[in-house]
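For our numbering, add 73 to where a residue sits in the sequence shown, where the first one is 1.
Ideal placement from N, C-alpha and C gives every residue a C-beta, glycine not left out.
What you are looking at is a predicted structure, and each value in this text was computed from that prediction instead of being measured.
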Amino acid sequence: VGSLLIESYERLIRIITEKKRMEKTLEESESKYRLIAENTSDLIAVMDRDRSLSYLSPSYEFVLGYE
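Next up, the structure:
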């Protein structure tokens, strides 16, 4: 019973560690692409499946006057 408990605990630690690593990687990726989108002169738009705009880069306001 003791060794089973230790194995379960070790597995839980590995799962939590991997989840934290994946969260950090996702945060870094989001930050990188947000920085690019917010500082490019290109017009960037994100549209959902309903064709509603969920994101317009700041360049839209500068180029087209949209807010």
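Item, Value
"Status (buried if at least 16 other CB within 10 Å, exposed otherwise) for S130", "buried"
"Three-state secondary structure (DSSP) of L108", "helix"
"Beta carbon of S114 nearer than 9 Å to that of S132", "yes"
"CA-to-CA distance, L126 to E100, given in whole angstroms", "23 Å"
"For V74, the first and last residue of its enclosing beta strand (DSSP E)", "Premise fails: V74 is in no beta strand (DSSP E) and is neither H nor E."
"Limits of the unbroken beta strand (DSSP E) element including S127", "L126 to L129"
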